[in-house]
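*Asks:* Residue numbers are given in our numbering: position 428 of the sequence shown equals residue 1723, and the series is strictly consecutive.
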Amino acid sequence: MGRMRMLGEFAAVRWLRPLRTRAAVARRQRRLLRRHLRFLGRRSPYFRGLLATRGFMELPVMDKSVMMAHFDVMNTVGVRRDEALALAIANERSRDFDADLGKNSVGLSSGTSGHRGLFVVSAAERDAWVGTVLARTLPRRRLLGHRIALFLRADNSLYESVGSRAVSFSYFDVYADMDENVDRLQAYRPTILVAPPSVLRMIARAVEDGRLDAMPERVYAVAEVLEIADERRIATALRQPFLHQLYQCTEGFLAHTCDHGVLHLNEDSVLFEREELGEGRFTPIVTDLRRRAQPIVRYRLGDVLRTRATPCACGSALTAIERIEGREGDILLLRGLDGRTVPVFADLVSRALLYAEGFDEYRVVQTGPSRLEIALDVLDDRSRSSVQAEIDVLAHRLGCEHPMIDWAPYAHDGTVKLRRVARTWREDGDAAL
Ligand SMILES: [Zn+2]
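What follows is the structure, given as structure tokens:
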């Protein structure tokens, strides 16, 4: 049964639903939204109350804290928050993700925002999700016989239903010893490799050091922002024309890379509203039009995305994205020469550091109003002065005070999501940004 559902979804996404015009996208979204709202009105006490007096566009925008606060009345499968949370924590501790709540899987989302998120997926949604992901990831030239290596930080039984003769999956624990993982990779010889950029960097280094020569056909970067410099280095080492990305988070499967190497929003099942940030940048507010167990409706993500100025040559009508730039909370806030606060997008900082020399790994954290801590793996006069110069050029270009820089050695930490550019300092009234 599960497999049929999965295959049905696979076929639908891959062959039956090509959306070639924006009008076709809008039509499909309207139809799915009408159906979804009817369902929520029947099955979710939270949304029934709201929808009695207002339409979709008047629904409150939600985030993780709203979702957690109304968890019990919002979900449509009768799962209680405390029970689900206890189970999810036990699963996470034991790193054994077999325990489910009836027909539903539960998991924790790590989240960089500090809140702990809880997600619930029904068996049907899990099958559909697997079908969609496979339809979006398996190469066009060859469908069968793939070996997929998955490096995952947190897992639940979501992925386990998938193994079959057509496709084999092997799970790698990012907490495990990396040398062991490299040995396992070498023996498994994956055709498709899926991992966060920080893990891909370590795999690329193993290739450069001659410890690994199993070259996958395709490489997917997931779960962390993919910086330009990292993408180049990983793609070169693993002999890829470009890296694919799956923009997948607790809130849904939101974007995928097409055959032309361009990210497209998954607007065939997710509705995107935008909070514009200027110059093509926006923060998405997403509604998953098909997710029923735990509704994701007008959910504000807090990520910064940048739209592509030119349409993609692949012909898809799904919105093309230039980059996913990271978390909104990681936009640096430097002091302008005129005293105003100047937002500096993470992408600008990583671009500036493309020109700096003498190091491999870096991390930039804003720790004060005009203060940065910069960690480099090679910390000498050359790397320091090169980075200092590029930061000064950037500050000058943006009309900011030159920030004070505290230097630190770079330490790799596989247990947290890698954010190369982050801000730990909070300005008064920052939450409003
Ligand atoms: Zn495309």
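Using N, Cα and C, we set each Cβ at its ideal position, and we do this for glycine too.
Taking Val1308 as the reference, which of Ala1604, Arg1666, Arg1569 and His1551 has the closest Cα?
*Replies:* Here residue 1308 corresponds to residue number 13 of the sequence shown, with the count starting at 1. For Val1308, the nearest C-alpha among the options comes from His1551.
*Asks:* How would you call Gly1397, buried or exposed, if buried means at least 16 neighbouring beta carbons within 10 angstroms?
*Replies:* What you label residue 1397 is simply residue 102 of the sequence shown in a count that begins at 1. Looking at its Cβ environment, which holds fewer than 16 other Cβ atoms inside 10 Å, Gly1397 is exposed.
*Asks:* Just tell me which of Glu1503, Leu1447, Pro1638 and Thr1371 has its CA closest to the CA of Ala1470.
*Replies:* Position 175 of the sequence shown, counting from 1, holds the residue named residue 1470. The sequence as given places Tyr at residue 1470; Ala does not occur at that position. The residue with the shortest Cα to Cα distance from Tyr1470 is Leu1447.
*Asks:* Return the chain-ordered ranges of every beta strand (DSSP E) run that is complete within the segment 1540-1570 and spans a minimum of 3 residues.
*Replies:* Listed in chain order, they are 1547-1552 and 1558-1560.
*Asks:* Whose C-alpha, out of Arg1411, Arg1692 and His1365, is nearest the C-alpha of Tyr1341?
*Replies:* The residue you call residue 1341 lines up with position 46 of the sequence shown. If we check each option's Cα against that of Tyr1341, His1365 comes out closest.
*Asks:* When the Cα of Arg1437 is compared with those of Asn1399, Thr1614, Val1415 and Thr1486, which residue comes out closest?
*Replies:* On the sequence shown, position 142 is the one that residue 1437 refers to. Taking only the C-alpha atoms, the option nearest Arg1437 is Thr1486.
*Asks:* Please determine, among Ala1482, Met1473, Asp1377 and Asp1563, the residue with the shortest C-alpha to C-alpha distance to Gly1709.
*Replies:* Looking up residue 1709 in the sequence shown gives position 414. With distances taken between Cα atoms, Gly1709 lies closest to Met1473.
*Asks:* To the nearest angstrom, how far is the alpha carbon of Arg1593 from that of Gln1543?
*Replies:* The residue you call residue 1593 lines up with position 298 of the sequence shown. The residue you call residue 1543 lines up with position 248 of the sequence shown. Spanning the two alpha carbons is a distance of roughly 17 angstroms.
*Asks:* Using only alpha-carbon positions, find the residue among Tyr1705, Tyr1657 and Val1644 that is nearest to Val1688.
*Replies:* For this step, residue 1688 is matched to residue 393 along the sequence shown. Closest option to Val1688, Cα to Cα, is Val1644.
*Asks:* Report whether the distance from the Cβ of Val1557 to the nearest heavy atom of ligand 1 is below 7 angstroms.
*Replies:* The residue labelled residue 1557 in the question sits at position 262 within the sequence shown. Yes, the beta carbon of Val1557 sits closer than 7 angstroms to at least one heavy atom of ligand 1.
*Asks:* If you draw a straight line from the C-alpha of Ala1612 to the C-alpha of Thr1605, how long is it?
*Replies:* The sequence position of residue 1612 within the sequence shown is 317, counting from 1. The sequence position of residue 1605 within the sequence shown is 310, counting from 1. If you take the alpha carbons of Ala1612 and Thr1605, they lie about 12 angstroms apart.
*Asks:* Would you kindly report the start and end of the unbroken beta strand (DSSP E) that includes Leu1332?
*Replies:* As a first step, residue 1332 must be located in the sequence shown, where it is residue number 37. Element bounds for Leu1332: not the beta strand (DSSP E) but the alpha helix (DSSP H), Arg1317 to Arg1338.
*Asks:* Might you give, ordered along the chain, the residues of its own chain that have their beta carbon closer than 6 angstroms to the beta carbon of Gln1661, omitting 5 neighbours on each side?
*Replies:* Your numbering for residue 1661 matches position 366 in the sequence shown. So the list reads Leu1627, Leu1667, Arg1718 and Trp1720, once near-sequence residues are dropped.
*Asks:* Between which two residues does the alpha helix (DSSP H) containing Thr1531 stretch?
*Replies:* Residue numbering aside, residue 1531 sits at position 236 when the sequence shown is read from its first letter. Element bounds for Thr1531: Ile1523 to Ala1532.
*Asks:* Rounded to whole angstroms, what is the Cα-Cα separation between Gln1589 and Ile1619?
*Replies:* As a first step, residue 1589 is located in the sequence shown; it is residue number 294 there, counting from the start. As a first step, residue 1619 is located in the sequence shown; it is residue number 324 there, counting from the start. Taking the straight line joining both Cα atoms gives about 25 angstroms.
*Asks:* Mind reading off the beta-carbon distance from Asp1422 to Met1301? Whole number of angstroms is fine, and I expect it under 8 angstroms.
*Replies:* In the sequence shown, residue 1422 corresponds to position 127, counting from 1. In the sequence shown, residue 1301 corresponds to position 6, counting from 1. Going by Cβ atoms, the distance from Asp1422 to Met1301 rounds to 4 angstroms, so yes, they are a contact pair.
*Asks:* Got a sec: does ligand 1 put a non-hydrogen atom nearer than 7 angstroms to the Cβ of Ala1550?
*Replies:* Within the sequence shown, residue 1550 is the residue found at index 255, counting from 1. False, no ligand heavy atom lies under 7 angstroms from that Cβ.
*Asks:* Please name the residue in Phe1305, Val1320 and Ala1306 whose C-alpha comes closest to that of Leu1584.
*Replies:* For the purposes of this step, residue 1584 is taken as the residue at position 289 of the sequence shown. Out of Phe1305, Val1320 and Ala1306, Val1320 has the C-alpha closest to the C-alpha of Leu1584.
*Asks:* Do Ile1616 and Arg1601 come within 8 angstroms of each other at the CB atom, strictly closer than that value?
*Replies:* Working through the sequence shown from its first residue, we reach residue 1601 at position 306. Working through the sequence shown from its first residue, we reach residue 1616 at position 321. Yes, they are a contact pair.
*Asks:* By the three-class DSSP mapping on this structure, what secondary structure does Met1357 have?
*Replies:* For the purposes of this step, residue 1357 is taken as the residue at position 62 of the sequence shown. In the structure shown, Met1357 sits in a strand (DSSP, three-state: E or B).
*Asks:* With distance defined between alpha-carbon atoms, name the residue in Arg1622, Arg1658 and Glu1546 nearest to Thr1359.
*Replies:* The residue labelled residue 1359 in the question sits at position 64 within the sequence shown. According to the sequence shown, residue 1359 is Lys rather than Thr. Closest option to Lys1359, Cα to Cα, is Glu1546.
*Asks:* What's the C-alpha gap between Met1699 and Arg1534?
*Replies:* The residue you call residue 1699 lines up with position 404 of the sequence shown. The residue you call residue 1534 lines up with position 239 of the sequence shown. One C-alpha to the other measures close to 39 angstroms.
*Asks:* Confirm the yes/no value for this check: CB of Ala1615, any heavy atom of ligand 1, distance under 7 angstroms.
*Replies:* Position 320 of the sequence shown holds residue 1615. Correct: Ala1615 has its Cβ closer than 7 angstroms to ligand 1.
*Asks:* Where does His1441 fall in DSSP's three states?
*Replies:* Residue numbering aside, residue 1441 sits at position 146 when the sequence shown is read from its first letter. His1441: strand per DSSP, three-state reduction.
*Asks:* Taking the C-alpha atoms as reference points, what is the distance between Val1361 and Glu1685?
*Replies:* Numbered from 1 along the sequence shown, position 66 holds the residue referred to as residue 1361. Numbered from 1 along the sequence shown, position 390 holds the residue referred to as residue 1685. Going from the Cα of Val1361 to the Cα of Glu1685 covers about 41 angstroms.
*Asks:* Quick one: complete alpha helix (DSSP H) runs, 4+ long, within the segment 1594-1664?
*Replies:* Segments of the alpha helix (DSSP H) lying fully in the segment 1594-1664: 1641-1649.
*Asks:* Going by the C-beta, is Cys1553 closer than 7 angstroms to any heavy atom of ligand 1?
*Replies:* Locating residue 1553 in the sequence shown gives position 258, where the first residue counts as 1. Checking every heavy atom of ligand 1 against the Cβ of Cys1553, one is found closer than 7 angstroms.
*Asks:* Return the Cβ separation of Ala1444 and Gln1481 in integer angstroms, given the expectation that the two are a contact with Cβ distance under 8 angstroms.
*Replies:* Counted from its first residue, the sequence shown places residue 1444 at position 149. Counted from its first residue, the sequence shown places residue 1481 at position 186. Not quite, the Cβ-Cβ distance comes to about 11 angstroms (not below 8 angstroms), so this is no contact.
*Asks:* Which residue's Cα is closest to the Cα of Ser1678: Arg1442, Tyr1657 and Pro1664?
*Replies:* As a working mapping, residue 1678 is identified with position 383 in the sequence shown. Of Arg1442, Tyr1657 and Pro1664, the residue nearest in Cα terms is Tyr1657.
*Asks:* I'd like the span of the alpha helix (DSSP H) that includes Leu1507, first residue to last.
*Replies:* Taking the first residue of the sequence shown as position 1, residue 1507 is located at position 212. Here Leu1507 belongs to no alpha helix (DSSP H), and DSSP marks it neither H nor E.
*Asks:* Can you tell me whether Phe1351 is helix, strand or coil according to DSSP?
*Replies:* Here residue 1351 refers to the residue found at position 56 of the sequence shown. In the structure shown, Phe1351 sits in a helix (DSSP, three-state: H, G or I).
*Asks:* Less than 7 angstroms separating the Cβ of Cys1695 from some heavy atom of ligand 1?
*Replies:* As a working mapping, residue 1695 is identified with position 400 in the sequence shown. No, ligand 1 has no heavy atom inside 7 angstroms of this Cβ.
*Asks:* Given Ala1670, which residues of its chain have a CB within under 6 angstroms of its CB, disregarding the five upstream and five downstream residues?
*Replies:* If you number the sequence shown from 1, residue 1670 lands on position 375. Arg1658, Ala1703 and Tyr1705.
*Asks:* Ligand 1 and Ser1360: does the residue's C-beta get closer than 7 angstroms to at least one heavy atom of that ligand?
*Replies:* By 1-based counting over the sequence shown, the position of residue 1360 is 65. Ser1360 Cβ: outside cutoff for every heavy atom of ligand 1.
*Asks:* Are His1539 and Cys1609 touching if we call contact CB-CB under 8 angstroms?
*Replies:* Working through the sequence shown from its first residue, we reach residue 1539 at position 244. Working through the sequence shown from its first residue, we reach residue 1609 at position 314. Not in contact: His1539 and Cys1609 (Cβ atoms no closer than 8 angstroms).
*Asks:* For Leu1332, which residues in the same chain have their Cβ closer than 7 angstroms to its Cβ, ignoring the five residues on either side in sequence?
*Replies:* Here residue 1332 refers to the residue found at position 37 of the sequence shown. Excluding positions up to five away in sequence, the list reads Leu1346 and Phe1351.
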